[in-house]
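Asker: Following this message is one structure expressed as structure tokens.
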Amino acid sequence: MIRTLGGLAADDYGESDARPPLMLLHGLTFDRSLWRPTLAELRRIDPGRRVLAFDLPGHGESPEWSSYDVESVADGVHSAVQEGQLQAPVLVGHSIAAVIATLYAARHPTRGIVNVDQSLQFAPFAGLVQSLADKLRGPAFPAVWEQIAASMHIELLPESAQHLVRASCHPEQDLVLGYWREILERPHDEVADLATGGLASVRAAGVPYLVVAGSALEPDYEQWLKEMLPQATVIVWPGSGHFPHLAHPDRFAKCLAATARWPADAPSDARPRDDQAII
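According to the numbering used here, the residues represented by the sequence shown are 1312 to 1590, in order.
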């Protein structure tokens, strides 16, 4: 069923039951159609579960917003949760949506987070974006975006998934600049806080946190992540590029189905156990 919650367009499947609802949030320039393979697998292995795939503000069928700051979008997600009467959902965020999901978990009851291939150390990426600021704001934007898209390694995906990625990607300059405004305009130390500012709250609440990566994490980053979120579990599917959920939709759906067994009241040392993060 297609509906609008909190002003955001969504595909809404299943019924609310004892399993926590899944909220699927796509990455920048894409839309909710990117979750079709995941939804198909979930209907097969986790039938009847409440699953909602949203278009982020300014994407797909969701309206444009005056601000796409991370906090504003996280607040919009909460409005959707409230209107949909979703109780402590599991938020699944791909790319920048994983940052939005993490910030959401720092502010609101959340059963868990699934981070799909997004580093929470923003500084290196921010440095790259800031170095390209003039080109991103000018007529060179399409060429710069092509370079960024190439780094996602779409060519590693099955042909059908490659087609889906290209069909769902709409890199509009104003939209990209809106979502990256904070990166482009804030001081370097404040940019670093965009992804890390809420981690202390997520850690203290013991929110289960699963990272699904398409390539091995840098050792320094993995160590930092373990220190910041001791409850985090990292799964790596090498050779998946920026889209591990599309490279292995069956495995990914099993991971999401397993979140039904994540504890409702997570202790401070909570993390998905081996039987709770099936790969």
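Built from N, CA and C at the ideal position, the CB exists for glycine as well.
Roughly how many whole angstroms lie between the Cα atoms of ARG1584 and HIS1481?
Answerer: As a working note, residue 1584 is residue 273 in the sequence shown. As a working note, residue 1481 is residue 170 in the sequence shown. Here ARG1584 scores only 46 on pLDDT, less than 50, and its place in the model should not be relied on; the value that follows carries that caveat. So the two alpha carbons sit approximately 38 Å from each other.
Asker: In angstroms, rounded to a whole number, what distance separates the CA positions of SER1579 and ALA1543?
Answerer: Walking along the sequence shown from the start, residue 1579 turns up at place 268. Walking along the sequence shown from the start, residue 1543 turns up at place 232. The predicted model places SER1579 with a pLDDT of 37, which falls under 50 and marks its position as unreliable, so this point remains unresolved.
Asker: Between the Cα of ALA1478 and the Cα atoms of TYR1379, VAL1381, THR1340, which residue gives the shortest distance?
Answerer: Walking along the sequence shown from the start, residue 1478 turns up at place 167. Of the listed residues, the one whose Cα sits closest to ALA1478 is THR1340.
Asker: Tell me, to the nearest whole angstrom, how far the beta carbon of THR1421 is from that of VAL1518; I am working on the premise that it is less than 8 Å.
Answerer: Numbered from its first residue, the sequence shown carries residue 1421 at position 110. Numbered from its first residue, the sequence shown carries residue 1518 at position 207. Correct: roughly 5 Å between the Cβ atoms.
Asker: Whole angstroms are fine: how far does the CA of ALA1434 sit from the CA of ASP1445?
Answerer: As a position in the sequence shown, residue 1445 is number 134, starting the count at 1. As a position in the sequence shown, residue 1434 is number 123, starting the count at 1. So the two alpha carbons sit approximately 19 Å from each other.
Asker: Which one or two residues does DSSP pair with LEU1363 in a beta bridge?
Answerer: Counting from 1 along the sequence shown, the entry for residue 1363 is found at position 52. In DSSP, LEU1363 forms a bridge with ASP1323, MET1334.
Asker: Should PRO1453 go down as buried or exposed, given a rule of 16 or more other Cβ atoms within 10 Å for buried?
Answerer: Here residue 1453 refers to the residue found at position 142 when the sequence shown is read from its first residue. So PRO1453 counts as exposed.
Asker: Considering Cα atoms alone, identify which of PHE1563, GLU1483, GLY1438 is closest to GLU1501.
Answerer: Numbered from its first residue, the sequence shown carries residue 1501 at position 190. Comparing Cα positions, the closest option is GLY1438.
Asker: Does DSSP classify HIS1464 as helix, strand or coil?
Answerer: Sequence index remark: in the sequence shown, residue 1464 carries index 153 (1-based). It is coil, neither helix nor strand.
Asker: Within 10 angstroms of its Cβ, does ASP1366 collect 16 or more other Cβ (buried), or is it exposed?
Answerer: What you label residue 1366 is simply residue 55 of the sequence shown in a count that begins at 1. The residue in question, ASP1366, is buried, as its Cβ has 16 or more Cβ neighbours within 10 Å.
Asker: Count the other C-beta atoms from every protein chain shown that fall within 10 angstroms of the C-beta of PRO1555, then say buried if there are 16 or more, exposed otherwise.
Answerer: Stepping through the sequence shown from its first residue, residue 1555 is reached at position 244. Label assigned to PRO1555: buried.
Asker: Compare the beta carbon distance of PRO1549 and ALA1569 with 8 Å and say whether it is the shorter of the two.
Answerer: Here residue 1549 is taken as the residue at index 238 of the sequence shown, counted from 1. Here residue 1569 is taken as the residue at index 258 of the sequence shown, counted from 1. For PRO1549 and ALA1569, no; Cβs fall outside 8 Å.
Asker: Helix, strand or coil: which one does DSSP assign to ALA1543?
Answerer: By 1-based counting over the sequence shown, the position of residue 1543 is 232. Three-state DSSP puts ALA1543 in a strand.
Asker: Around the Cβ of ALA1564, are there at least 16 other Cβ atoms within 10 angstroms (buried) or fewer (exposed)?
Answerer: Here the question's residue 1564 lines up with position 253 in the sequence shown. It is buried - the Cβ of ALA1564 has at least 16 other Cβ atoms within 10 Å.
Asker: Pick helix, strand or coil for ARG1347, following the three-state DSSP scheme.
Answerer: Locating residue 1347 in the sequence shown gives position 36, counting from the first residue. Looking at ARG1347 - three-state DSSP - the assignment turns out to be helix.
Asker: Could you pull the start and end residues of the beta strand (DSSP E) that HIS1405 belongs to?
Answerer: Translated into the one-based positions of the sequence shown, residue 1405 becomes position 94. Looking at the DSSP string, the run of the beta strand (DSSP E) that includes HIS1405 is 1401-1405.
Asker: Measure the beta-carbon distance from PRO1331 to ALA1571 and round it to whole angstroms, keeping in mind my assumption that it falls under 8 Å.
Answerer: In the sequence shown, the residue the question calls residue 1331 occupies position 20. In the sequence shown, the residue the question calls residue 1571 occupies position 260. Confirmed, about 7 Å.
Asker: Can you check which of these residues, ALA1408, ALA1412, LEU1316, is closest to LEU1345 by C-alpha distance?
Answerer: For the purposes of this step, residue 1345 is identified with residue 34 of the sequence shown, where counting begins at 1. The option with the nearest alpha carbon to LEU1345 is ALA1408.
Asker: Under the assumption that LEU1486 contacts ARG1448 (Cβ atoms under 8 Å), give the Cβ distance between them as a whole number of angstroms.
Answerer: Mapped onto the sequence shown, residue 1486 falls at position 175. Mapped onto the sequence shown, residue 1448 falls at position 137. Not quite, the Cβ-Cβ distance comes to about 13 Å (not below 8 Å), so this is no contact.
Asker: Under 8 Å by Cβ, that's how I've got GLY1338 and PRO1368 pegged, so tell me the actual separation to the nearest angstrom.
Answerer: Against the sequence shown, residue 1338 aligns to sequence position 27. Against the sequence shown, residue 1368 aligns to sequence position 57. Actually they do not touch by this definition, with Cβ atoms about 13 Å apart.
Asker: Residues bridged to ALA1524 by DSSP?
Answerer: The residue given as residue 1524 occupies position 213 in the sequence shown. Answer is VAL1547, bridged to ALA1524.
Asker: Using a Cβ distance threshold of 8 Å, determine whether the region 1507-1518 contacts the region 1415-1431, with at least three qualifying pairs required.
Answerer: Yes: the two stretches touch, three or more of their Cβ pairs being nearer than 8 Å.
Asker: Okay, do the region 1354-1362 and the region 1318-1331 touch, 3+ Cβ pairs below 8 Å being the bar?
Answerer: Contact holds: three or more Cβ-Cβ distances are below 8 Å.
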